[in-house]
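Under my numbering, think of the first position of the sequence shown as 39, with each following residue one higher. Presented below is the structure to which this report refers.
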Amino acid sequence: MTSTTEATAVERPPARSTGRRRRRSGWATPYLFLAPYGVLFIGFILAPAIYGIWISLHDYNYLLPNQPWAGLNNYFDLFKSGSRDGADFWRSIRATAIFTVFSVPLLVVIPLAIAMLLNRKFPGRTFFRAVFFTPYVLGVAVVGVLFRFLLDPTIGMLNFYLEKLGFAGDYPWTTQVPWAWVGLVGMTVWWTLGFNAIIYLAGLQDISPELYEAAEVDGATAWDKFRNVTLPGLRPVLLFVLTLTLLASANMFGQSYLITKGAPENSTRTAIYYISQVGLQQYRQGVAAAMSYILALMLILISLLNFRLFREKEES
39 MTSTTEATAV ERPPARSTGR RRRRSGWATP YLFLAPYGVL FIGFILAPAI
89 YGIWISLHDY NYLLPNQPWA GLNNYFDLFK SGSRDGADFW RSIRATAIFT
139 VFSVPLLVVI PLAIAMLLNR KFPGRTFFRA VFFTPYVLGV AVVGVLFRFL
189 LDPTIGMLNF YLEKLGFAGD YPWTTQVPWA WVGLVGMTVW WTLGFNAIIY
239 LAGLQDISPE LYEAAEVDGA TAWDKFRNVT LPGLRPVLLF VLTLTLLASA
289 NMFGQSYLIT KGAPENSTRT AIYYISQVGL QQYRQGVAAA MSYILALMLI
339 LISLLNFRLF REKEES
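As C-alpha cells, then:
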C-alpha cells in the first residue's frame with residue numbers, strides 16, 4: 039500500500055506538467071482559426087479604410103503623378119456655402135434620407151408580417167418561403183433592368199395595365215417625383231424583403247411555444263400575444279434587422295443608377311451615386327473619400343442611437 043502511494047505521488051508532477059504543456063501549446067489554436075478572417079479583414083477592410091483617410095487628406099487623382107496635400111480642406115469645403123461640391127453633396131444626402139425614411143419602415147414591418155404567416159403550419163409552406171426569398175438572390179442589375187421595363191412611362195407594363203384597369207396610364211415612374219421614389223422604394227421592398235423575412239422566421243422559431251400556450255390559458259388575444267410574447271422575443275432580431283436595413287438603404291446606389299439615372303434634376307441621386315461620380319468620373323478621389331467618411335460617420339451615429347434606444351427599452 040505504501041509503495042503504491044509513493045508511486046502515485048511520484049507520477050503526479052509529470053501529469054500536471056503535461057497539462058501545462060498542452061495548455062501552452064493550445065493557446066494559439068483560436069488565433070489560427072481566426073487567422074484567415076483576420077487576413078481578409080485587414081487586407082480588404084482595415085487597410086483600405088486607413089488608405090482612404092490618407093486619400094481624403096490630399097487632392098488625389100490616381101491618373102496624376104503628384105498628389106498635393108490638402109489637409110482637412112476636402113472636409114471643410116463640403117460645409118461651405120458656395121463651394122463646388124457642398125450643395126450637390128448635401129442634396130444627395132437628402133435624397134438618401136428620403137429613400138431611407140420611406141423604405142426602412144416597409145422593410146421592417148412587411149417582412150415581419152410575412153414571417154409570422156410563414157411560421158404557421160399549412161400545406162406548401164416551404165414553397166411560399168422560397169417564393170418570397172427568391173428575388174433576393176437576383177443581382178441588382180437583373181432587378182434594375184426588369185423594373186426599367188416595368189416602370190418605363192411610355193412602354194412600361196405597369197402603365198399599360200393601369201390604363202386597362204381604368205387609371206390614367208401615364209404615370210412618370212422614372213422621370214418625376216414623387217413617382218420616381220414610389221418606383222425605387224417599391225422595387226427595393228420587393229427585391230429585399232425576403233432576406234428580412236428569413237431572419238424574422240429564424241427568430242420566431244426560437245420563441246418557446248410554451249409562452250404562447252401560457253398566454254392562451256390566461257385568455258390573451260392575438261394582439262396581446264404579439265405585443266407581450268412575439269415582440270419581446272424578437273427584440274434582438276428586430277435590432278439586427280433595423281440596423282442592417284438602415285445601412286443598406288443609406289448605401290442605395292444601383293436602383294437609382296439603373297432606373298432613374300438620378301432624374302429628375304438629380305433629385306433621386308443618392309450619396310453613394312454622387313460619390314461615385316466625383317471619384318470615378320471626375321477623378322477627384324480625395325473629395326470623394328472625404329464625402330464617404332462623412333457619410334460613414336453619420337451612419338455610425340445613427341447605428342449607435344439605434345442600439346441605445348433598444349437598450350433603454352430592454353432595461354425598462
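Each residue gets a CB set at the ideal place from its N, CA and C atoms; glycine is no exception.
query = How close, in whole Å, do the beta carbons of L156 and L239 come, if the pair is a contact with beta carbons under 8 Å?
reply = 6 Å
task = Grab the span of the alpha helix (DSSP H) containing D126 for me, first residue to last.
result = G124 to L156
ask   = Hey, out of Q214, E251, G109 and V223, whose CA is closest to I136's CA?
value = V223
Where V255 falls, given that 16 or more other Cβ within 10 Å makes a residue buried = exposed
task = Following the continuous alpha helix (DSSP H) through R265, name the residue where it begins and the one where it ends.
result = Careful: R265 lies outside any alpha helix (DSSP H) and carries neither H nor E.
request  = Could you pull the start and end residues of the alpha helix (DSSP H) that Q105 belongs to?
outcome  = Element bounds for Q105: n/a, residue is neither H nor E.
task = Compute the distance between the beta-carbons of A108 and H96, then report whether it is under 8 Å.
result = yes
ask   = When you compare each of N104, W211 and L72 to A301 by their alpha carbons, which one comes out closest?
value = W211
query = Excluding sequence positions up to five away, which residues of its chain have a Cβ less than 7 Å from the Cβ of Y250?
reply = K263 and V267
query = Nearest CA to the CA of P173: which residue from L333, I297 and L184?
reply = L184
ask   = Are the Cβ atoms of R307 and V316 separated by less than 8 Å?
value = no
task = Report the option in L200, L276 and Y199 whose CA atom is closest to the CA atom of I236.
result = L276
task = Pick out the complete alpha helix (DSSP H) segments inside the stretch 182-216, 4 residues or longer, and give them in chain order.
result = 195-202
ask   = Nearest-angstrom Cα distance between M154 and I88?
value = 43 Å
task = Please work out which residues of its chain come closer than 6 Å, Cβ to Cβ, to M39, disregarding the five sequence neighbours upstream and downstream, and give them in chain order.
result = Summary for M39: the model assigns pLDDT 43, below 50, so the residue's position carries little reliability; its value from the coordinates is reported in the next sentence. Closer than 6 Å at the Cβ level, and outside the excluded window around M39, lies no residue.
message = I'd like to know whether the C-beta atoms of T230 and L145 end up nearer to each other than 8 Å.
response = yes
request  = Whole angstroms is fine: what's the gap from T281's alpha carbon to L335's?
outcome  = 15 Å
query = Are three or more beta carbon pairs between the stretch 284-301 and the stretch 112-122 nearer than 8 Å?
reply = no
S130 and A309 closer than 8 Å at C-beta = yes
request  = Using alpha carbons as the reference points, say which of Y98, R158, F205 and L296 lies closest to G324.
outcome  = Y98
query = Buried or exposed: V279, going by 16 or more other Cβ atoms within 10 Å of its Cβ?
reply = buried
key: Within 8 Å, strictly: CB atoms of G182 and I313   = no
task = Pick out whichever of I91, T213, L285 and S94 has its Cα sitting closest to the Cα of I338.
result = L285
inquiry  = Please report the distance separating the alpha-carbon of Q361 from that of L72.
reply    = The question about residue 361 has no answer here: the residues shown for the chain are numbered 39 through 354.
inquiry  = Assuming T164 is part of the alpha helix (DSSP H), what are its boundary residues?
reply    = R163 to F171
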